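Step one of this worksheet: look at the structure below.
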Amino acid sequence: MSLLCEGMDLQSLINHKISAIEERLSLLVEASESPYSTLFTAARYSLLSGGKRLRPLLTLATAEALGANECAALTPACALEMIHTYSMIHDDLPCMDDDDFRRGKPTLHKLYPEGIAVLAGDYLLTYAFEILAEAPHLSPTQQNQLVLCLARAAGAHGMVGGQLMDVEAEGKAIDLKALQLIHECKTGALLTAAFEFGGIVADASIEMRKILSKLGQHLGLAFQIVDDVLDVVASETKHGKIHSSDIANVKTTYVSLMGIEASRAKAQELYQLSLELLKQLPGNTHLLQALANRLINRDR
Ligand code: GRG
27 MSLLCEGMDL QSLINHKISA IEERLSLLVE ASESPYSTLF TAARYSLLSG GKRLRPLLTL
87 ATAEALGANE CAALTPACAL EMIHTYSMIH DDLPCMDDDD FRRGKPTLHK LYPEGIAVLA
147 GDYLLTYAFE ILAEAPHLSP TQQNQLVLCL ARAAGAHGMV GGQLMDVEAE GKAIDLKALQ
207 LIHECKTGAL LTAAFEFGGI VADASIEMRK ILSKLGQHLG LAFQIVDDVL DVVASETKHG
267 KIHSSDIANV KTTYVSLMGI EASRAKAQEL YQLSLELLKQ LPGNTHLLQA LANRLINRDR
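Taking my numbering, I'd label the letters of the sequence shown as residues 27 to 326.
Given below as structure tokens:
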């Protein structure tokens, strides 16, 4: 599918890019015949179950705003979605959050034995690096930079470290600084990598890549604050009173530390800072603005 789509309205443009991402994901993780084909069927169940595709969309939009060949951004964008999906599969396991449903469907370990769910996550984690190392339309230097960027974002100083701090903080009262660090690592690092990936694909300058990192940090934090607010608001709507999963799990959140209104105001402040940063990008940032807006004003 071509990624060129002049004259489309913004929503059609986003849908078009989501289709291109899902088509490439489906090609990359084929349900092929092999003695270990369960790995692919299980991975496809989680990978193709209709997430918002925020991270890959951010990579495509950043590449576009920097004037890069968007086709070159598609495989890196899919690698990010694979890491995100692996993290969701493992996060849902009984030894972590023990969730039965994700995106309105049974979690992977409810459909397959738990060990298969672990292995499907392991496969997606490993495979993401394989496809980056041989990503088409990119130089060996760019491939190497992508691998390094993703390893740093997903590893000990990023998502996995954030998850560890989160697990250790459960049931304890933590302050805003500690909470912010957890979020920067657990969810912010991968969102930041989504912007950085666009910069790598576009061969952006060091200065531009610093701007992209800052953008990712602001929006990553805003994303998490909105998530904390949604957890309370969605529960209030469902139960008619405050009964959030975070409260039930005795978790410190932005809402528990700052209250709903101050949390919303903080997310808005980060969004405005991001819009200012976007002005420093050389190309068309309409799609990035729309995605940032969606990230702040989402209802799921
Ligand atoms: C288990 C190694 C390991 C890491 C998991 C990212 C993470 C660490 C846990 C996520 C926990 C969680 C539900 C955080 C809230 C924010 C978040 C990442 C939500 C899910 O991301 P979306 O909204 O999901 O982009 P979709 O379904 O749209 O893909």
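Where is the CB? At the ideal position from N, CA and C, for every residue including glycine.
Here the structure is a predicted model, which means the values were calculated and not measured.
(message) Please state whether the Cβ-Cβ distance between Leu247 and Glu210 is less than 8 angstroms.
(response) Contact flag set, yes.
(request) Evaluate the contact criterion for the segment 108-122 versus the segment 150-160: three or more CB pairs, one atom per stretch, below 8 angstroms. (result) In short, these stretches touch, since the Cβ pair count reaches three.
(message) Any heavy atom of the ligand GRG closer than 7 angstroms to the beta-carbon of Ser289?
(response) No - the ligand GRG has no heavy atom lying nearer than 7 angstroms to the Cβ of Ser289.
(message) Need the endpoints of the alpha helix (DSSP H) that Asn41 sits in, please.
(response) For Asn41, the uninterrupted alpha helix (DSSP H) run begins and ends at Leu36 to Leu54, by DSSP.
(request) Take every Cβ of the segment 88-97, pair it with every Cβ of the segment 120-138, and state whether three or more of those distances are shorter than 8 angstroms. (result) Segments in contact, no.
(request) Provide the residue span of the alpha helix (DSSP H) that contains Pro166, from first to last. (result) Segment Pro166 to Ala180, the alpha helix (DSSP H) holding Pro166.
(message) Which same chain residues end up closer than 7 angstroms to Thr218 when comparing Cβ atoms and leaving out the 5 residues on each side of it in sequence?
(response) Cβ neighbours of Thr218 beyond the five flanking positions: Ala179, Ser239, Gly242, Gln243 and Gly246.
(request) Compute the minimum distance between the beta carbon of Lys78 and the heavy atoms of the ligand GRG, and state whether it is under 7 angstroms. (result) Yes, the Cβ of Lys78 comes within 7 angstroms of a heavy atom of the ligand GRG.
(request) Would you check whether the ligand GRG has a heavy atom nearer than 7 angstroms to the C-beta of Met284? (result) Every heavy atom of the ligand GRG is 7 angstroms or more from the Cβ of Met284, so no.
(message) Are there any heavy atoms of the ligand GRG lying less than 7 angstroms away from the beta-carbon of Asp253, as far as the coordinates show?
(response) Yes.
(message) Going by DSSP, what residue range makes up the alpha helix (DSSP H) through Glu96?
(response) Here the alpha helix (DSSP H) through Glu96 covers Glu96 to Asp118.
(message) If you measure between the beta carbons of Leu74 and Glu107, is that distance less than 8 angstroms?
(response) Against a cut-off of 8 angstroms, the Cβ pair of Glu107 and Leu74 comes out as no contact.
(message) If I measure Cβ to Cβ from Ile142 and keep anything under 7 angstroms in the same chain, skipping five residues before and after, which residues do I get?
(response) Result list for Ile142: Thr64 and Ala68, in chain order.
(message) When you compare the segment 196-205 with the segment 278-298, are there three or more beta-carbon pairs, one atom per stretch, that lie closer than 8 angstroms?
(response) Cβ pair count under 8 angstroms is three or more, so yes.
(request) Find out if the Cβ-Cβ distance for the pair Lys292, Ile251 is shorter than 8 angstroms. (result) Cβ atoms of Lys292 and Ile251: closer than 8 angstroms.
(message) I'd like to check one pair, Leu92 with Lys43: are the Cβ atoms closer than 8 angstroms?
(response) No, these two residues do not count as a Cβ contact at 8 angstroms.
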